[in-house]
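Visitor: First residue of the sequence shown? That's 6 in the working numbering, and the numbers climb one at a time after it.
Glycine included, C-beta positions come from ideal geometry on N, C-alpha and C.
Since the model is a prediction, treat every value here as computed from it, not as a measurement.
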Amino acid sequence: MELGLVGLGKMGGNMRERIRRAGHTVIGYDRNPDVADVHSLEELVGKLKGPRVVWVMVPAGAATQSTIDELAELLSPGDVVVDGGNSRWTDDEKHAVELGIKGIGFVDCGVSGGVWGLENGYALMYGGDAENVAKVQPVFDALKPEGDFGSVHAGKVGAGHFAKMVHNGIEYAMMQAYAEGWELLEKVDSVTDVREVFRSWQEGTVIRSWLLDLAVNALDDDEHLDKLRGFAADSGEGRWTVEAAIDNAVPLPAITASLFARFASRQDDSPQMKMIAALRNQFGGHAVESKPEN
6 MELGLVGLGK MGGNMRERIR RAGHTVIGYD RNPDVADVHS LEELVGKLKG PRVVWVMVPA
66 GAATQSTIDE LAELLSPGDV VVDGGNSRWT DDEKHAVELG IKGIGFVDCG VSGGVWGLEN
126 GYALMYGGDA ENVAKVQPVF DALKPEGDFG SVHAGKVGAG HFAKMVHNGI EYAMMQAYAE
186 GWELLEKVDS VTDVREVFRS WQEGTVIRSW LLDLAVNALD DDEHLDKLRG FAADSGEGRW
246 TVEAAIDNAV PLPAITASLF ARFASRQDDS PQMKMIAALR NQFGGHAVES KPEN
């Protein structure tokens with residue numbers, strides 16, 4: 006099939022390549038002309054045959070809203086817009102209504118996989134009407150990991166981003182647990198090789214995971230994480246998860262505590278936040294802050 010892809014950054018650029026490897030045609034637009042295939046949204050839409058599918062991979066909020074507003078004026082009834090960014094699920098419901106008035110379908114898709122997705126595939130959680138999902142299905146099949154899992158039609162519009170939001174909340178709590186354990190091991194005199202303790206957990210233990218593998222990668226690069234400042238940003242999804250828990254009276258003590266722990270990194274050079282920062286860099290290519298050289 007043919008796909009228009011808007012936003013060719015770390016995620017979008019690799020997604021374009023993976024979809025092309027599966028034999029589909031991708032026409033990409035980005036504000037950076039060095040990576041773009043076309044020079045405007047109007048040109049992108051003009052090169053696609055109907056019914057068109059345009060996948061948006063730009064930052065949540067104003068950037069996504071302005072892109073969808075412009076596409077609403079360029080696309081035709083029967084076309085579909087996919088929001089694959091990290092938008093809030095309530096925005097999805099709004100976008101579906103706005104596009105629906107013009108007969109344009111809408112699908113929201115939570116995407117996980119970070120910088121590893123090109124080779125390993127992306128975990129996909131999408132929401133929307135079955136008719137619109139079917140128009141995008143070949144792209145979902147191209148992006149997902151090999152095998153039976155890694156892709157799910159989670160429900161109605163908004164369900165994909167809601168599921169990805171909860172996924173990220175769980176991610177917060179898991180990373181925080183590894184970080185706390187790492188700091189405690191580093192603190193005591195009796196444990197003389199913390200990195201190898203972490204490595205030993207990679208086989209045969211109930212806490213083995215990809216995040217643990219990435220923690221070992223980070224420690225191989227910088228055994229005591231001395232090069233990192235103990236600062237880790239929090240994405241909107243962590244906050245939204247806690248807000249949704251409050252709205253639905255669902256107790257999330259571990260996820261909530263892990264979010265608040267991120268706030269602690271605003272105050273001091275937190276050892277735990279060094280590990281969080283290292284993990285986020287390992288799986289997603291997120292920026293880290295280095296300590297200034299003496």
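1. Step through the CB atoms of chain D and report whether any lies within less than 8 Å of the CB of Glu228.
2. Taking the C-alpha atoms as reference points, what is the distance between Tyr34 and Leu80?
3. One question on the structure: do Ala65 and Asn91 come within less than 8 Å of each other, judged by their Cβ atoms?
4. Could you give the distance in angstroms between the alpha-carbon of Asn286 and the alpha-carbon of Ala269?
5. Considering only C-alpha positions, which residue in the set Leu123, His172, His100 and Leu264 is nearest to Gln70?
6. Does His158 come out as helix, strand or coil in the three-state DSSP assignment?
7. Checking 8 Å against the spacing of the C-beta atoms, do Val102 and Asn137 come in under that value?
8. Considering only the beta carbon of each residue, do Met170 and Trp94 sit closer than 8 Å?
9. How many Å lie between Asp225 and Gly118 at the Cα?
10. Suppose the cutoff is 7 Å on Cβ atoms and the five residues either side in sequence are ignored; what does the same chain contact list for Leu76 look like?
11. In terms of alpha-carbon separation, which member of Val144, Met130, Met278 and Val116 lies closest to Arg57?
12. Quick one: what does DSSP say Tyr127 is sitting in, helix, strand or coil?
13. Can you find at least 3 beta carbon pairs, one from the region 254–270 and one from the region 175–183, that sit closer than 8 Å?
14. Since Ser117 sits in a beta bridge, which residues does DSSP pair it with?
15. Leaving out the 5 sequence neighbours to the left and right, which residues in its chain are closer than 7 Å to Leu190 when beta-carbon positions are compared?
Guide: This is what the structure holds:
1. Absent from the structure is chain D; it holds one protein chain and no more.
2. 15 Å
3. yes
4. 19 Å
5. His100
6. Note: His158 maps to strand in three-state DSSP.
7. no
8. yes
9. 22 Å
10. Leu46, Val59 and Val86
11. Val144
12. coil
13. Contact between the region 254–270 and the region 175–183 is established, with three or more Cβ pairs separated by less than 8 Å.
14. Ala128
15. Val196, Val199 and Val202, listed in sequence order.
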